[in-house]
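Just below is one structure, and these are the notes that go with it.
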Amino acid sequence: MFDPANKPDKERLENILYIIMQIASGNVDARAVISEGADDIDAISLGINMLGEEIKAMQEKLKAEINETKNAKEELENFSYAVSHNLRGPLRAIDGYSHILMSDYFEILNKTGQKNLDIIIRNTEKMEYLIDGLLAFTGYGKQTLNKVTINLNLLVKKIIKQLKSEIKEAGKKKQQTSAQIIIFSMPAVKADKAMIEEVWKQLISNALKFSSGRTTPKIEIGADKQDGYIHYYVKDNGIGFDMKYYNKLFGVFQSLHSSIETGQPGVSVGLALAHRIISRHGGRLWAEGKVNKGAIFYFSLPDT
Amino acid sequence: MAENEITIKCGKIRMMEDGLFHFKGSPGYKKHTLEDSVACIKVCLKLSGGKKYYILVDVTSVESTTKEARDYYSGPDVAPYCSGLAFIVKSPLSRVIANFFMALNKPHYPIKLFTEEKKAIHWLKQLKNV
Chain A
1 MFDPANKPDK ERLENILYII MQIASGNVDA RAVISEGADD IDAISLGINM LGEEIKAMQE
61 KLKAEINETK NAKEELENFS YAVSHNLRGP LRAIDGYSHI LMSDYFEILN KTGQKNLDII
121 IRNTEKMEYL IDGLLAFTGY GKQTLNKVTI NLNLLVKKII KQLKSEIKEA GKKKQQTSAQ
181 IIIFSMPAVK ADKAMIEEVW KQLISNALKF SSGRTTPKIE IGADKQDGYI HYYVKDNGIG
241 FDMKYYNKLF GVFQSLHSSI ETGQPGVSVG LALAHRIISR HGGRLWAEGK VNKGAIFYFS
301 LPDT
Chain B
1001 MAENEITIKC GKIRMMEDGL FHFKGSPGYK KHTLEDSVAC IKVCLKLSGG KKYYILVDVT
1061 SVESTTKEAR DYYSGPDVAP YCSGLAFIVK SPLSRVIANF FMALNKPHYP IKLFTEEKKA
1121 IHWLKQLKNV
């Protein structure tokens, strides 16, 4: 009868090495042969076989957990979409009636009443902004990507045009005519145009928002190619941020800066939205910043 | 008379004079499966009358165990009753099996490897009398 123990040790060890390589390359069902002799080499084979079993079990467990997480995420997104969508109706009613109060009854309210009405209107606007953000965030997570080749030089120029009032506003605080925006030539990319437009809008508005208090707000936009990816960036000379709070940067409804510093709402979904869009394109969004020294936001997209 | 020795497919379990249990694998029965584990524990509980026990396990003849079997021995059906396990490992394969069980399954009861039965019994007795 054939017994692997009759083979030379070198050959048996080579067989073990082959099994290790098989397991390492993903074939977790590969098993080493154990001979009748049950010697030390067989003990090594048995150990490898047991490790293979453990790896297989762990992989299966991990797969099940990933599926569970995926389902939970989907459920949560559906839930937040439904909630946000249903909140819009009553919110519109509050907003509508508040404005009626403002236009028809403002004069007959005393000072406290006028102040309270103003608070209601401002908070309604804020809530509307948050709901819109949440709807966009969940919507972009589900939407199918419609990839086309995008001329980013044109797209960014178009966005700058749209943000004209914000650009003027950014300079106004320090008696400047407007923020200075420098755009370097950028390579085209294949991506979902509407989504990428949203990313640029978020990043440029963000840069404008946080550099608006500077004497000369300056924003630089450009790109370079690296290892099969195109790295785009938006650099500003604004208030920057402390890298120790980096993990808060791309969270939904998280903002590193309060409304006191910026005059803007302290909660946001903009960067979370941009982060999600870039992830869905197989890219990465990240940032570097220093307090009062500005920030650079980068995103990479596959150069296809 | 109460039974103090039961033989099943994978081996024989007997109660020794000092109340310790002794398991010895059947010669030629090489692969210990989940079915064998369940049968063994059933016998242990029968012999102990559903109480805690200390066991010496001689797996010298065993050449492999399934993951399910190992998981069962460290799971909730065993841990509340097994108060100490001494492995007798006289072959390279049994040493691997016992070491894997200790390192990967990490059972919640005292467990130790021995090459000599006398020392294993001494350790179990010490555990029992603490």
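As they're listed, the protein sequences go chains A and B. To convert, note that position 100 of the first sequence is 100 in the working numbering; the numbers rise steadily by one, no gaps. If you count the second sequence from 1, you need to add 1000 to reach the working numbering. Cβ coordinates follow ideal geometry from the N, Cα and C atoms, glycine included.
Notebook entry, point to check: Whose C-alpha, out of A:L203, A:P217, A:D95 and A:R284, is nearest the C-alpha of A:L117?
Noted result: Position 117 of the first sequence, counted from the first residue, corresponds to residue 117 of chain A. If we check each option's Cα against that of A:L117, A:D95 comes out closest.
Item checked: Proximal chain A residues relative to B:E1063, where beta-carbon distance stays under 9 Å -> For this step, residue 1063 of chain B is matched to residue 63 along the second sequence. By Cβ distance, chain A contributes I34, A38, D42 and L46.
Note to self: Just verifying my parser: in three-state terms, what is the DSSP assignment at B:G1082?
What the structure shows: Locating residue 1082 of chain B in the second sequence gives position 82, counting from the first residue. Residue identity differs from the one stated: residue 1082 of chain B is Cys in this sequence, not Gly. Three-state result, B:C1082: strand.
Note to self: For chain B, check one thing: does any of its Cβ atoms lie closer than 8 Å to the Cβ of A:M50?
What the structure shows: In the first sequence, residue 50 of chain A corresponds to position 50, counting from 1. It does; some Cβ of chain B falls within 8 Å.
Next item on the list: Taking A:S235 and A:I296 to be in contact with their CB atoms under 8 Å, please state how far apart those CB atoms are, rounded to whole angstroms.
Entry: The sequence position of residue 235 of chain A within the first sequence is 235, counting from 1. The sequence position of residue 296 of chain A within the first sequence is 296, counting from 1. The identity of residue 235 of chain A in the sequence shown is Lys, whereas the question assumes Ser. About 4 Å separates the two Cβ atoms, so the contact holds.
Item checked: Contained alpha helix (DSSP H) runs [length at least 4] in the stretch 195-246 of chain A, N- to C-terminal order -> none
Check: Shortest alpha-carbon distance to A:Y229 belongs to which of A:E53, A:F210, A:V189 and A:I23?
Finding: Stepping through the first sequence from its first residue, residue 229 of chain A is reached at position 229. It is A:V189 whose Cα lies nearest to the Cα of A:Y229.
Item checked: First and last residue of the uninterrupted beta strand (DSSP E) at A:A191 -> Numbered from its first residue, the first sequence carries residue 191 of chain A at position 191. It spans V189 to D192 - the beta strand (DSSP E) in which A:A191 sits, taken as one unbroken run.
Checklist line | Residues that B:H1022 bridges to, as DSSP identifies them | finding: Within the second sequence, residue 1022 of chain B is the residue found at index 22, counting from 1. In DSSP, B:H1022 forms a bridge with B:R1014 and B:L1056.
Next item on the list: Can you grab the Cα-Cα spacing for the pair B:I1055 / A:G141, in whole Å?
Entry: The residue given as residue 1055 of chain B occupies position 55 in the second sequence. The residue given as residue 141 of chain A occupies position 141 in the first sequence. Cα to Cα, the separation comes out at about 57 Å.
Check: At a CB-CB cut-off below 9 Å, which residues of chain A make contact with B:P1092?
Finding: Position 92 of the second sequence holds residue 1092 of chain B. Residues of chain A passing the Cβ test: A38, D39, D40, I41, D42, A43, I44 and L46.
Notebook entry, point to check: Taking the continuous alpha helix (DSSP H) assigned at B:P1027, which residues delimit it?
Noted result: Locating residue 1027 of chain B in the second sequence gives position 27, where the first residue counts as 1. Taken as a continuous stretch (DSSP letters only), B:P1027 belongs to no alpha helix (DSSP H), as it is neither H nor E.
Check: Are the Cβ atoms of B:I1088 and B:A1120 separated by less than 8 Å?
Finding: On the second sequence, residue 1088 of chain B is found 88 positions in, with the first residue counted as 1. On the second sequence, residue 1120 of chain B is found 120 positions in, with the first residue counted as 1. Yes; because the gap between Cβ atoms is below 8 Å, this pair is in contact.
Next item on the list: Starting from A:E14, follow the alpha helix (DSSP H) in both directions and report where the run begins and ends.
Entry: Position 14 of the first sequence, counted from the start, is the residue given in the question as residue 14 of chain A. A:E14 -> alpha helix (DSSP H) spans D9 to A24.
Next item on the list: Would you tell me roughly how many angstroms separate the C-alpha atoms of A:E14 and B:H1108, rounded to the nearest one?
Entry: Reading the first sequence from its first residue, position 14 is the one you call residue 14 of chain A. Reading the second sequence from its first residue, position 108 is the one you call residue 1108 of chain B. So the alpha carbons of these two residues sit roughly 38 Å apart.
Next item on the list: Indicate whether the contact test is met: 3 or more Cβ pairs, each with one atom in the stretch 99-106 of chain A and one in the stretch 213-222 of chain A, closer than 8 Å.
Entry: no
Notebook entry, point to check: Got a sec: is the Cβ-Cβ distance from A:N206 to anything in chain B below 8 Å?
Noted result: Along the first sequence, read from residue 1 onward, the residue named residue 206 of chain A stands at position 206. Not closer than 8 Å to any Cβ of chain B, the Cβ of A:N206 fails to qualify, so no.
Next item on the list: Tell me whether A:V291 is buried or exposed, calling it buried when 16 or more other Cβ atoms sit within 10 Å of its Cβ.
Entry: Counted from its first residue, the first sequence places residue 291 of chain A at position 291. Result: exposed.
Item checked: Residues that A:G289 bridges to, as DSSP identifies them -> For this step, residue 289 of chain A is matched to residue 289 along the first sequence. Beta-bridge pairing links A:G289 to A:A295.
Notebook entry, point to check: Would A:Q226 be called buried (16 or more neighbouring beta carbons within 10 Å of its own) or exposed?
Noted result: Position 226 of the first sequence, counted from the first residue, corresponds to residue 226 of chain A. Exposed, since its Cβ has fewer than 16 Cβ neighbours within 10 Å.
Next item on the list: Can you pull the chain A residues whose beta carbon is under 8 Å from the beta carbon of B:K1012, in chain order?
Entry: Residue 1012 of chain B sits at position 12 when you count from the first residue of the second sequence. Chain A residues near B:K1012: none, gap ~21 Å exceeds 8 Å.
Item checked: Secondary structure of B:E1005, DSSP reduced to three states -> The residue you call residue 1005 of chain B lines up with position 5 of the second sequence. Strand at B:E1005.
Note to self: Measuring alpha carbon to alpha carbon, tell me which residue in B:R1095, B:D1077, B:D1018 and B:S1026 is nearest B:Q1126.
What the structure shows: For this step, residue 1126 of chain B is matched to residue 126 along the second sequence. Out of B:R1095, B:D1077, B:D1018 and B:S1026, B:D1018 has the C-alpha closest to the C-alpha of B:Q1126.
Checklist line | Boundaries of the alpha helix (DSSP H) in which A:Q114 is found, first to last residue | finding: As a working mapping, residue 114 of chain A is identified with position 114 in the first sequence. Unbroken alpha helix (DSSP H) run through A:Q114: K111 to K142.
Note to self: Against A:E54, what residues of chain B qualify as contacts under a CB-to-CB distance less than 8 Å, listed in chain order?
What the structure shows: Along the first sequence, one-based indexing puts residue 54 of chain A at 54. In chain order: K1067 and L1104.
Notebook entry, point to check: Using 8 Å as the limit for Cβ to Cβ distance, is A:A64 near chain B?
Noted result: Reading the first sequence from its first residue, position 64 is the one you call residue 64 of chain A. No, its Cβ sits nowhere closer than 8 Å to a Cβ of chain B.
Margin query: Measuring only from the beta carbon, is B:E1017 closer than 7 Å to any heavy atom that is part of the ligand PLP?
Written below: By its list of ligands, the structure shown contains no ligand whatsoever, and the ligand PLP lies outside what it can speak to.
Check: Do we get a CB-CB distance below 8 Å when we pair A:P265 with the residues of chain B?
Finding: By one-based count along the first sequence, residue 265 of chain A stands at place 265. The pLDDT assigned to A:P265 is 45, lower than 50, so where the model puts this residue is not dependable; a value taken from the coordinates is nonetheless given after this. Judged by the 8 Å Cβ criterion, A:P265 is not in contact with chain B.
Check: With a CB to CB cut of under 6 Å and the five nearest residues on each side skipped, what residues in its chain are close to A:F184?
Finding: Counted from its first residue, the first sequence places residue 184 of chain A at position 184. The answer, listed in chain order, is G222.
Checklist line | A:S300 vs A:R284 beta-carbon contact at 8 Å | finding: Counted from its first residue, the first sequence places residue 300 of chain A at position 300. Counted from its first residue, the first sequence places residue 284 of chain A at position 284. Cβ distance < 8 Å, so A:S300 and A:R284 count as in contact.
Note to self: At the level of alpha carbons, what is the spacing between A:L154 and A:K193?
What the structure shows: Locating residue 154 of chain A in the first sequence gives position 154, where the first residue counts as 1. Locating residue 193 of chain A in the first sequence gives position 193, where the first residue counts as 1. Taking the straight line joining both Cα atoms gives about 12 Å.
Next item on the list: Just the chain A side, please: which residues come within less than 9 Å of B:F1023 by C-beta, in chain order?
Entry: Here the question's residue 1023 of chain B lines up with position 23 in the second sequence. The contacting residues do not exist; B:F1023 stays about 19 Å from chain A at best.
Notebook entry, point to check: In terms of alpha-carbon separation, which member of A:E65, A:I48 and A:G294 lies closest to A:T215?
Noted result: Residue mapping note: residue 215 of chain A aligns to position 215 of the first sequence, counting from 1. With distances taken between Cα atoms, A:T215 lies closest to A:G294.
Item checked: CB of A:I131 within 8 Å of CB of A:S205, strictly -> The count along the first sequence starts at 1 and reaches residue 131 of chain A at position 131. The count along the first sequence starts at 1 and reaches residue 205 of chain A at position 205. Their beta carbons are not under 8 Å apart, which means A:I131 does not touch A:S205 by this criterion.
Notebook entry, point to check: So is A:A136 in contact with chain B if we call contact Cβ pairs under 8 Å?
Noted result: Along the first sequence, read from residue 1 onward, the residue named residue 136 of chain A stands at position 136. Output row for A:A136: interface = no.
Margin query: Once DSSP output is grouped into helix, strand and coil, what is the label at A:R31?
Written below: To locate residue 31 of chain A, count along the first sequence from 1; it is residue 31. Residue state, collapsed to three classes: coil.
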